[in-house]
Amino acid sequence: MDKKTTLEMIAAISNANGTSGFEDEVVAAIRPYAEGLGEITEDRMRNLYIRRKENNGKRPVVQLDAHSDEVGFMVQAICPNGTLRIIQIGGWVNHNIPAHKVLVRNRFGEYIPGLTASKPPHFMTEQERKAPLEMKDITVDVGAVSKEEAVEKFGIRIGEPVVPDVTFTYSETTDLMVGKSFDCRLGCAAILKTMHTLAGQELNVDIVGACAAQEEVGVRGATVTAQVIKPDIAIVFEGCPADDTCVESYMVQTAIKRGPMLRHIDSRMITNPRYQRYALDLAEKLGIPVQDSVRSAGSTNGATIHLTEKAVPVIVIGVPVRYAHTHYGISAYADFDNAVKLACEILKRLDEEQIMSF
Numbered sequence: 000m001d002k003k004t005t006l007e008m009i010a011a012i013s014n015a016n017g018t019s020g021f022e023d024e025v026v027a028a029i030r031p032y033a034e035g036l037g038e039i040t041e042d043r044m045r046n047l048y049i050r051r052k053e054n055n056g057k058r059p060v061v062q063l064d065a066h067s068d069e070v071g072f073m074v075q076a077i078c079p080n081g082t083l084r085i086i087q088i089g090g091w092v093n094h095n096i097p098a099h100k101v102l103v104r105n106r107f108g109e110y111i112p113g114l115t116a117s118k119p120p121h122f123m124t125e126q127e128r129k130a131p132l133e134m135k136d137i138t139v140d141v142g143a144v145s146k147e148e149a150v151e152k153f154g155i156r157i158g159e160p161v162v163p164d165v166t167f168t169y170s171e172t173t174d175l176m177v178g179k180s181f182d183c184r185l186g187c188a189a190i191l192k193t194m195h196t197l198a199g200q201e202l203n204v205d206i207v208g209a210c211a212a213q214e215e216v217g218v219r220g221a222t223v224t225a226q227v228i229k230p231d232i233a234i235v236f237e238g239c240p241a242d243d244t245c246v247e248s249y250m251v252q253t254a255i256k257r258g259p260m261l262r263h264i265d266s267r268m269i270t271n272p273r274y275q276r277y278a279l280d281l282a283e284k285l286g287i288p289v290q291d292s293v294r295s296a297g298s299t300n301g302a303t304i305h306l307t308e309k310a311v312p313v314i315v316i317g318v319p320v321r322y323a324h325t326h327y328g329i330s331a332y333a334d335f336d337n338a339v340k341l342a343c344e345i346l347k348r349l350d351e352e353q354i355m356s357f
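Quick look at the structure:
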């Protein structure tokens, strides 16, 4: 898969709308790029499985994981003036939400453009200006003037998903990608590119790619995929929050354009130290740029995968994303490419003896 095709794939998957529980469109965007890799199946949670056609069922199983959902919102109520009250799906900071374009799915499956809105400063009291912004103060405005119009003309009802209205772009000059849902559509794309890169090669492991639903609301999809796949070892791809614009220079551990990031720990997993060191040493040996970090917060699907059945060694290969869990993200294509390169080199070398040593 060349760079042009890879960028087209990333764009298609990033642009697909799919907040947690509503991943159907994302799965549909992934499927064409999985064709030819092997058996493709889907469960009722919208977890997507790609079983490599070279698998023989007699070798250790590697799970390649990423999550397909994105942070977004759900319509909670329709106000008499036609604006929409919403709740968060996934983790947002309230003050990042207003003044952005969003898409509201209506009862017919169409996406209605709208704006996230809060009270203009002209009408705020001094106390309101100083108070923290709460979700009850944020609405979505689609231009309706009454509840009846929102329901009857726009076709909006409660329970419908709301997602950022953002289109993927790439600059050849800077090698930077800008778009929504890089956490973790970049991971889904990394699974596909890894499997395409290794297609037809003889390996000592079987590989199953899994694009898991509902990570942003508690690693729910991966709890299922890990039980289905029963991996002996796993690689989790993640679009991980970059810290290079928000911490002191000596604390920067996840910068764009410095390679993928491998975490030693986060709030829900201590990375298997033997597997982690193996991956970091291999990257150094091969000249693949990587970063490692110690995270005190956040988590990934590794949280549930590493606790499955017999205990599963897991590493997380993260592509740094500036401003994750907002409407926009910025990532470097080179970081994505090096994440795939590292995963491929690990998979080429894994065998039963190596896995047991972890």
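Just so we're aligned: the sequence shown equals residues 0 to 357 in numbering that gives the first Met the number 0. Glycine included, every Cβ here is placed at the ideal spot set by N, Cα and C.
Check	Outcome
In the DSSP output, what is Pro163 paired with across the bridge?	Val101
Give me, in chain order, the residues of the same chain whose beta-carbon lies closer than 7 Å to that of Pro319; leave out the 5 immediate sequence neighbours on both sides.	Cys239, Ala241, Thr253, Ala254, Ile255, Met260, Ser330, Asp334
How about Trp91 and Thr244: are their beta carbons less than 9 Å apart?	no
For Val313, which option in Thr115, Ala342, Ser295 has the closest C-alpha, if you only look at C-alpha atoms?	Ala342
Is it true that the CB of Gly154 sits closer than 9 Å to the CB of Glu109?	yes
Rank Leu191, Ala212, Phe167 by C-alpha distance to the C-alpha of Glu34 and give the top, closest one.	Leu191
Roughly how many angstroms separate the alpha carbons of Ser356 and Asn46, rounded to a whole number?	30 Å
Looking at the structure shown, is Ile157 part of a helix, part of a strand, or coil, going by DSSP?	coil
What three-state label does DSSP hand Glu22 in the structure shown?	coil
Take the Cβ of Pro412 as the centre, count every other Cβ of all protein chains shown within 10 Å, and call the residue buried at 16 or more, exposed below.	Residue 412 cannot be examined here, being either before or after the span of the chain that is shown, 0 to 357.
Under a Cβ-count criterion, where at least 16 other Cβ atoms within 10 Å of its own Cβ denotes burial, should Thr4 be classed as buried or exposed?	exposed
Since Val60 and Val207 are thought to touch, with beta carbons under 8 Å apart, how far apart are those beta carbons, to the nearest angstrom?	6 Å
By DSSP's criteria, Gln290 is part of a beta bridge. Which residues make up the other side?	Met260
Which residue wins for smallest C-alpha separation from Ala27, given the options Arg184, Arg257, Gln353?	Arg184
Name the DSSP bridge partner or partners of His66?	Ala211
Just reading off the alpha helix (DSSP H) that Cys239 is part of, what are its end residues?	Looking at the DSSP string, Cys239 is not in any alpha helix (DSSP H); the run it does join, the beta strand (DSSP E), is 232-240.
Sort out for me which residues DSSP pairs Ser330 with in a bridge.	Met176
For Val204, count neighbouring Cβ atoms within 10 angstroms of its own Cβ and tell me buried if that reaches 16, exposed if not.	buried
What are the uninterrupted segments assigned as beta strand (DSSP E) that are 3 or more residues long and contained completely in the segment 21-95, given in chain order?	37-41, 47-51, 60-66, 71-77, 83-88
For the alpha helix (DSSP H) that Asp280 lies in, which residues bound it at each end?	272-285
Could you say which of Pro97, Val103, Ile111 lies nearest to Pro120 if we only look at CA atoms?	Pro97
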